[in-house]
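Under the UniProt record's numbering, residues 1 to 269 are what the sequence shown spells out, in order. In this text, a Cβ means the ideal position worked out from N, Cα and C, and glycines have one as well. Written out below as structure tokens is the structure these notes cover.
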Amino acid sequence: MCNKKVQETIGMNASEIRGSYKESLYTYDNRRLYSKYFRKSTPSVIFIAGLGDSHETWNVVEDRISQETSTFSYDRAGVGRSQAASVPRTCHDLVEELSELLLALDVEPPYVLVGHSFGGLVARLYASLYPQLISGIVLVDAAPEYKELAYEKVLPEKLAAENREYFENPMLNSEKIDKPQSYKQIVDHFRQSDIPLSIITRGLPDIGDGEWPSQEILEVELRLQADFQRLSTSNKHRIAGRSGHYIHHDEPEIVIEEILIMLNGMKQK
């Protein structure tokens, strides 16, 4: 970790920040990281995007949730408005990056983590390492660990070889993430909890090029996503029947509703 850490507010003065998002560039480990924070009340809802996606993927959902409570979204290193880091990286690196941002920008816990795709793995590892800070988790078509290996059961030989290479070579995914090491970190730190967990799974297969067995892959993923229920003794699983992988784009109202249900449940305790 570098010695110099600088927070820079982007294009706003103090009066402009009140009642709106506060955008910041924070220098961590010699790279500037972008974040967007709305301070209102707790819990703070933390949005974690999938591989290669910027904070903007959450705009519709975040704008609605910001009417209810504090929200925070950000760009990981090398994505959107954040500077790149040395690669390859692991899920643990991404958790450390997020933890540093939340601490430095004084984002008040407890947190509800909302993770899409690979962001779901980041959310899960964060919750395993810092359970005392977490009051809820929403997984939005989250990536199961070792999903590529599970796909091999339904892939023809040529596609299975390509799929295995994608799994093993971090330089082939958009953020140069070491997937085998990241998945191992998830498994090694697994602990069942009673943290409220909402699992939202897509109902539609990917639109493939004809070779990729999209329906069979969807069926594999449905089984893997259902298995997320083991993560918490307080869980629910919902299928977004009209959505592909980007549920928060196709049916944002479902993601919004699940977050609001979780927030309302916390108020009643």
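Spatially closest choice to residue 220 from 232, 206 and 120, by CA coordinates: If you number the sequence shown from 1, residue 220 lands on position 220. The residue with the shortest Cα to Cα distance from residue 220 is 206.
Pick from 230, 191 and 107 that is closest to residue 72, judged by C-alpha positions: Position 72 of the sequence shown, counting from 1, holds the residue named residue 72. The option with the nearest alpha carbon to residue 72 is 107.
Beta-carbon contacts of residue 244 that lie in its chain and below 7 angstroms, excluding the five residues immediately before and after: Here residue 244 is taken as the residue at index 244 of the sequence shown, counted from 1. Within the same chain, residue 244 has close Cβ partners 202, 204, 206 and 250.
Per-residue burial, residue 123 [other beta carbons within 10 Å of its own, 16 or more giving buried]: For the purposes of this step, residue 123 is identified with residue 123 of the sequence shown, where counting begins at 1. It is buried - the Cβ of residue 123 has at least 16 other Cβ atoms within 10 Å.
Proximity of residue 176 and residue 88 at Cβ, strictly below 9 angstroms: Here residue 176 corresponds to residue number 176 of the sequence shown, with the count starting at 1. Here residue 88 corresponds to residue number 88 of the sequence shown, with the count starting at 1. Yes, the pair counts as a contact, with Cβ atoms nearer than the cut-off.
For residue 235, three-class secondary structure by DSSP: If you number the sequence shown from 1, residue 235 lands on position 235. Of the three classes helix, strand and coil, the one that applies to residue 235 here is strand, per DSSP.
Neighbourhood of residue 186 by C-beta, 7 angstroms cutoff - its chain only, sequence neighbours within 5 removed: To locate residue 186, count along the sequence shown from 1; it is residue 186. For residue 186, where only same-chain residues beyond five positions count, the Cβ hits under 7 angstroms are 91, 121, 124, 125 and 145.
Residue 258 to residue 110 span [Cα, whole Å]: As a first step, residue 258 is located in the sequence shown; it is residue number 258 there, counting from the start. As a first step, residue 110 is located in the sequence shown; it is residue number 110 there, counting from the start. Their Cα atoms are separated by approximately 18 angstroms.
Buried versus exposed call for residue 131 [16 or more other C-beta atoms within 10 Å across all chains shown]: Numbered from 1 along the sequence shown, position 131 holds the residue referred to as residue 131. The residue in question, residue 131, is exposed, as its Cβ has fewer than 16 Cβ neighbours within 10 Å.
Same chain, Cβ closer than 7 angstroms to residue 129, five either side skipped, listed in chain order: The residue you call residue 129 lines up with position 129 of the sequence shown. If we look at residue 129 and ignore the five residues flanking it on each side, its Cβ neighbours are 95 and 189.
Classification of residue 76 by the beta-carbon crowding that lies within 10 angstroms, buried from 16 upward: Here residue 76 refers to the residue found at position 76 when the sequence shown is read from its first residue. Looking at its Cβ environment, which holds 16 or more other Cβ atoms inside 10 Å, residue 76 is buried.
Alpha helix (DSSP H) segments (min. 4 residues) lying fully within the UniProt domain "AB hydrolase-1" (43-147): 59-65, 91-104 and 118-129
Host beta strand (DSSP E) of residue 228 (start-end): Counting from 1 along the sequence shown, the entry for residue 228 is found at position 228. Unbroken run through residue 228: none, as it is neither H nor E.
Beta strand (DSSP E) segment containing residue 39, residue limits: Residue numbering aside, residue 39 sits at position 39 when the sequence shown is read from its first letter. Element bounds for residue 39: n/a, residue is neither H nor E.
Cβ pair residue 233, residue 209 closer than 9 angstroms: The sequence position of residue 233 within the sequence shown is 233, counting from 1. The sequence position of residue 209 within the sequence shown is 209, counting from 1. For residue 233 and residue 209, no; Cβs fall outside 9 angstroms.
Within 9 angstroms, strictly: CB atoms of residue 70 and residue 42: Position 70 of the sequence shown holds residue 70. Position 42 of the sequence shown holds residue 42. Yes, Cβ-Cβ distance for residue 70 and residue 42 is below 9 angstroms.
Coil, strand or helix - residue 175 by DSSP: For the purposes of this step, residue 175 is identified with residue 175 of the sequence shown, where counting begins at 1. In this structure, residue 175 counts as coil in the three-state DSSP scheme.
CA nearest to the CA of residue 138, picked from 148, 118 and 174: Mapped onto the sequence shown, residue 138 falls at position 138. Its Cα nearest to that of residue 138, the residue 118 stands out among 148, 118 and 174.
Span of the beta strand (DSSP E) around residue 23: Stepping through the sequence shown from its first residue, residue 23 is reached at position 23. From DSSP, the beta strand (DSSP E) with residue 23 extends over 22-28.
Residue 85 to residue 160 span [Cα, whole Å]: Residue mapping note: residue 85 aligns to position 85 of the sequence shown, counting from 1. Residue mapping note: residue 160 aligns to position 160 of the sequence shown, counting from 1. Cα to Cα, residue 85 sits roughly 30 angstroms from residue 160.
Same chain, Cβ closer than 6 angstroms to residue 167, neighbours up to 5 away in sequence not counted: By one-based count along the sequence shown, residue 167 stands at place 167. Residues 148 and 179 of the same chain have their beta carbon placed closer than 6 angstroms to that of residue 167, with the five preceding and five following residues left out of the count.
Span separating the alpha-carbon of residue 26 from that of residue 98: For the purposes of this step, residue 26 is taken as the residue at position 26 of the sequence shown. For the purposes of this step, residue 98 is taken as the residue at position 98 of the sequence shown. Here the C-alpha atom of residue 26 lies approximately 11 angstroms from the C-alpha atom of residue 98.
Residue range of the unbroken beta strand (DSSP E) whose run includes residue 202: One-based indexing of the sequence shown puts residue 202 at position 202. 197-202 is the span of the beta strand (DSSP E), which, as asked, contains residue 202.
Buried or exposed by the 16-neighbour rule on C-beta atoms within 10 Å, applied to residue 242: Walking along the sequence shown from the start, residue 242 turns up at place 242. Residue 242 should be labelled exposed.
Simplified DSSP assignment, three categories, for residue 223: Numbered from 1 along the sequence shown, position 223 holds the residue referred to as residue 223. Note: residue 223 maps to helix in three-state DSSP.
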